[in-house]
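Right, one structure below, let's go through it.
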Amino acid sequence: MQNRPITFSIKTRSTKSNARVGTIETPHGVINTPAFIPVGTKATVKGITPEMVKDLGAESVLSNTYHLYLQPGDEIIKAHGGLGKFMNYDGPTWTDSGGFQAFSLGVALGKNITKFTSSARPGYDEISLKGSGHKVETENAMIPAKIDEEGVMFRSIIDGSAHYFTPKKSIEIQQNIGADIIFAFDECTSPHEPVEYQKRSLDRTHRWALESLKTHVENKEAFSKQALFGIIQGGRHEDLRKESAKFISELSYNGIEFDGFGIGGSFAKEDMITAVHWVNSILPENKPRHLLGIGEPSDIIKGVMEGCDTFDCVMPTRNARTGTVFMTDETDGIFGYVNLNLKNAKYKDDLGPIEKGCECYTCKNYTRSYMNHLYKAGEMLAGTLATIHNLHFMAKFMEKVRGEIAEGRL
RNA sequence: GCGCAGAUGGCGGAGUGGUCAAUCGCAUCUGACUGUAAAUCAGACGCCUUCGGGCUACGUAGGUUCAAAUCCUACUCUGCGCA
47 MQNRPITFSI
57 KTRSTKSNAR
67 VGTIETPHGV
77 INTPAFIPVG
87 TKATVKGITP
97 EMVKDLGAES
107 VLSNTYHLYL
117 QPGDEIIKAH
127 GGLGKFMNYD
137 GPTWTDSGGF
147 QAFSLGVALG
157 KNITKFTSSA
167 RPGYDEISLK
177 GSGHKVETEN
187 AMIPAKIDEE
197 GVMFRSIIDG
207 SAHYFTPKKS
217 IEIQQNIGAD
227 IIFAFDECTS
237 PHEPVEYQKR
247 SLDRTHRWAL
257 ESLKTHVENK
267 EAFSKQALFG
277 IIQGGRHEDL
287 RKESAKFISE
297 LSYNGIEFDG
307 FGIGGSFAKE
317 DMITAVHWVN
327 SILPENKPRH
337 LLGIGEPSDI
347 IKGVMEGCDT
357 FDCVMPTRNA
367 RTGTVFMTDE
377 TDGIFGYVNL
387 NLKNAKYKDD
397 LGPIEKGCEC
407 YTCKNYTRSY
417 MNHLYKAGEM
427 LAGTLATIHN
437 LHFMAKFMEK
447 VRGEIAEGRL
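The C-terminal residue of the first sequence carries number 456 in the working numbering, and the numbering is unbroken.
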């Protein structure tokens, strides 16, 4: 195996679970794993500066190919010398391939299906397109993403223009964006799709994986600087999940394999960890496993115990902007926490910090009452301060996770 | 003092005889958020309810009408104009 830009080392393995503590060394620094990677879709972790990202303890940021391709365009980012230079962040960066947008802007759109789906709940027939000011019916409407065998037609969420992504195109864009770790182009399927569709889609995702790997390997310069992770799909089906794990982990082009793996999918709540378990029973131990789009701290614990090393999720940042913050609650165990909605009237005169003893900038300097006021007044500092707290919470949480594994308790 | 216009739910403001407990916006309250169409979205928002409905309401008091937030009279208050 030739020199790769990232090195994954396992320091400690749990004797109680499949958890492991380790590091991913990248050209832009070390990521201690298990790690939570904040999402910065459009080359910014919404509401905070890169200095804040570092200061609050996050070690890496994940951006999005689809969004950056549309705006400002990957050539602009390339002209800056890559994503890190563009956004003034000198730590390790990742880009998702845009595959998830084929799902979130396609079949999932307006149907109340996201990363997690309550299978009992039927979707809406009507959706509202952002900025359009009117409702449209999904059946008849111009849907912003449509999949075929070769790729995905995306409509720009910005101006409605049509764009066609193939695996090759996605990788080329990611090469221009220049993140340290990039992902193969995949299709995330809805859990509502029947098994026949899941199978057909998985074959397609596997073909796209090879296409992605080929494009990656053939660009020598990018190949030397960027790591490529293959993505496992297969829905909720054991045979498909295992087949996918086997296929993706064994796939090679000119003797080159993926540098790591992403585990993807949209799940009914109870299916997620089962699928991860099946997949990780097949994936090789010596490469990092990223659980895409997860998550809720309690879900991260489950993923860690199944041997996942990295996680990304919009929840801490999105919730922060919409008023919900994490608060440690160790009466419920070392990993215990609760969610507070700072917009609630009961915080109007609460002079305490979000979390007593929290070391973050927000908790050291501001009261719940002030936060409540900022939200009520529509002040953007609310989102900034809450984002700092939530991401700091996640960083501390992951530190605790690593500690507990190292101490043999997780 | 005279003339004109107006008084609607916490606020702004629709409605000008029945389909009005009253469009809409704001505020308020609550909820949701898991590879970001998201500093977003949803629900509630007179009182009571066994969720069928019942009751009280559109400045105040009367009146017309089968029926009034809507028409008439008086009064109170507000704005503008003239003295």
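Ideal Cβ positions, reconstructed from N, Cα and C, are used throughout, including at glycine. Every value quoted in this text rests on a predicted model; they were computed, and no experiment measured them.
query: Nearest neighbour of residue 88, chosen from 431, 426, 360, 382 [CA to CA]; result: 360
query: Residue range of the unbroken beta strand (DSSP E) whose run includes residue 84; result: 81–84
query: Nearest neighbour of residue 338, chosen from 118, 310, 349 [CA to CA]; result: 310
query: Completely contained alpha helix (DSSP H) runs for the stretch 354–392, where each covers 4 or more residues; result: 361–368
query: Length of the line joining the Cα atoms of residue 263 and residue 112; result: 21 Å
query: Burial state of residue 161, where buried means 16 or more other Cβ atoms lie within 10 Å; result: buried
query: Inter-residue Cα distance where the pair is residue 352 and residue 336; result: 11 Å
query: Buried or exposed (CB count within 10 angstroms, at least 16 for buried), residue 215; result: buried
query: Between the CA atoms of residue 451 and residue 299 - distance to the nearest angstrom; result: 36 Å
query: Buried/exposed call for residue 135, threshold 16 Cβ in 10 Å; result: buried
query: Where residue 257 falls, given that 16 or more other Cβ within 10 Å makes a residue buried; result: buried
query: Alpha helix (DSSP H) runs wholly inside the stretch 74–119, at least 4 long, in chain order; result: 96–101, 111–116
query: Residue of 396, 366, 322, 132 minimising C-alpha distance to residue 65; result: 322
query: Sufficient close CB pairs (3 or more, under 8 Å) joining the stretch 441–450 to the stretch 342–356; result: yes
query: N-terminal and C-terminal residue of the beta strand (DSSP E) that residue 273 is part of; result: 273–278
query: Cα-Cα separation between residue 172 and residue 149, rounded to whole angstroms; result: Because the pLDDT at residue 172 is just 35, under 50, the model does not fix this residue reliably, and the value given afterwards should be weighed accordingly. Approximately 17 Å between the Cα atoms of the pair.
query: Three-state secondary structure (DSSP) of residue 344; result: helix
query: Span separating the alpha-carbon of residue 398 from that of residue 412; result: 8 Å
query: Cβ separation of residue 432 and residue 366, assumed to be a contact under 8 Å, to the nearest whole Å; result: 4 Å
query: Residue range of the unbroken beta strand (DSSP E) whose run includes residue 308; result: 306–309
query: Residue 253 versus 194, 105, 151, residue with shortest Cα-Cα distance; result: 194
query: Buried versus exposed call for residue 85 [16 or more other C-beta atoms within 10 Å across all chains shown]; result: buried
query: Own chain partners of residue 103 with C-beta closer than 8 Å, once the 5 adjacent residues on each side are dropped; result: 437, 438, 441, 442, 445
query: As assigned by DSSP and simplified to three states, the class of residue 238; result: coil
query: Contact test: residue 444 Cβ vs the ligand ZN heavy atom, cutoff 7 Å; result: This structure lacks the ligand ZN, and indeed carries no ligand of any kind.
query: Segment limits, alpha helix (DSSP H) that includes residue 65; result: No alpha helix (DSSP H) holds residue 65; DSSP gives it neither H nor E.
query: Nearest-angstrom Cβ-Cβ length linking residue 247 and residue 267, presumed shorter than 8 Å; result: Contact doesn't hold; Cβ gap of about 32 Å is too wide.
query: Whole-angstrom C-beta distance between residue 435 and residue 371, which should lie under 8 Å; result: 6 Å
query: Environment of residue 426 [buried if 16+ CB atoms lie within 10 Å]; result: exposed
query: Rounded C-alpha distance that separates residue 375 from residue 289; result: 40 Å
query: Between the CA atoms of residue 100 and residue 213 - distance to the nearest angstrom; result: 32 Å
query: Under 8 Å between C-beta atoms of residue 307 and residue 294; result: yes
query: For residue 56, the nearest candidate out of 341, 189, 355, 200 (CA to CA); result: 355
query: Sequence-distant residues of its chain with Cβ nearer than 6 Å to residue 225 (five each side left out); result: 129, 139, 140, 141
query: Residue span of the alpha helix (DSSP H) that contains residue 426, given as start and end; result: Run containing residue 426: none; DSSP gives neither H nor E here.
query: Residue 222 burial status per 10 Å Cβ neighbour count (16 or more: buried); result: buried
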